[in-house]
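To start, the structure itself, in structure tokens.
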Amino acid sequence: MVAVVTGAALGIGKAITEILLQNGAKVVVLDVNETPGKSLKEDLDKQYGQERTLFLNCDVESQEQIKAALQKTVETFGGIDILNESEWKKTVSVNLTGVMKVAYLALEHMNKLTGGRGGVIVNTASIAGMAHNALCYGLFQKTEMARNTFLLSPQALSTETEGFLYVYGFVYLFSLHL
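This is the structure in structure tokens:
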């Protein structure tokens, strides 16, 4: 059994790593914090042996780093059986909350009702999110909420509002025209 744990160097991720090792798993410790990650790897090696753990410095915001880490996991241990994403708060913060913060702050400068020139905000998310992905569906719902909020003004009602745009069958672009 091979487990990959994100955010594994500290806190809950570290505790999950230790529980997995106690239950016989080989564990790949992924974390952006290199110093505590290496320190944890050394401690775990002493307790469980070097062949049971692998530390990889990885930022979950970087698709390239994630791909490389997962490839290294497969090369080292032959596959992946368990993925534990302890960095879910950061993922939500970046992929949902961050997108909406930027959009709402940009609206302050774009909205014609507040002296802006108008414009378009485009939020991109996976088509899979419409049915099964809370982050993508959350982005869709937040975009719809913003669209409905800003369409309440007479000026905004006269603008064209695009619906969904399918791109290569895999992506929705949610747009809010101001």
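Numbered per this note's numbering, the sequence shown spans residues 11 to 188. Glycine included, each C-beta is placed from N, C-alpha and C at the ideal position.
Per-residue DSSP class, three states only, for residue i
i	result
Leu20	coil
Val104	helix
Val15	strand
Ser49	helix
Glu44	helix
Glu28	helix
Nearest to residue i (by Cα), restricted to the options the options
i	options	result
Asp41	Ile22, Ile29, Gly88	Ile22
Asn225	Gln57, Asp53, Thr16	Past the boundaries of the shown model lies residue 225; the chain is included only from 11 to 188, so the question cannot be answered.
Val104	Glu52, Ser72, Ile76	Ser72
Leu30	Gln81, Lys51, Met11	Met11
Gly47	Lys122, Lys56, Gly89, Phe65	Phe65
Glu61	Val37, Met110, Glu95	Val37
Gly59	Lys100, Ala35, Thr45	Ala35
Cys68	Glu95, Lys56, Lys122	Glu95
Classification of residue i by the beta-carbon crowding that lies within 10 angstroms, buried from 16 upward
i	result
Lys24	buried
Asn33	exposed
Thr86	exposed
Val84	exposed
Thr124	exposed
Ala78	exposed
Thr27	buried
Lys51	buried
Pro164	Bear in mind that a pLDDT of 36 at Pro164, under 50, signals an unreliable position, so the number given afterwards is only what the model happens to contain. Result: exposed.
Residue range of the unbroken beta strand (DSSP E) whose run includes residue i
i	result
Lys36	36-41
Ile92	92-95
Thr63	63-67
Span of the alpha helix (DSSP H), counted from its first residue to its last, around residue i
i	result
Thr83	73-87
Whole-angstrom C-beta distance between residue j and residue i, which should lie under 8 angstroms
i	j	result
Val14	Leu106	The Cβ separation is near 23 angstroms, so there is no contact.
Val39	Thr63	6 angstroms
Lys111	Val70	Actually they are not in contact, since the Cβ atoms of Lys111 and Val70 sit about 19 angstroms apart, beyond 8 angstroms.
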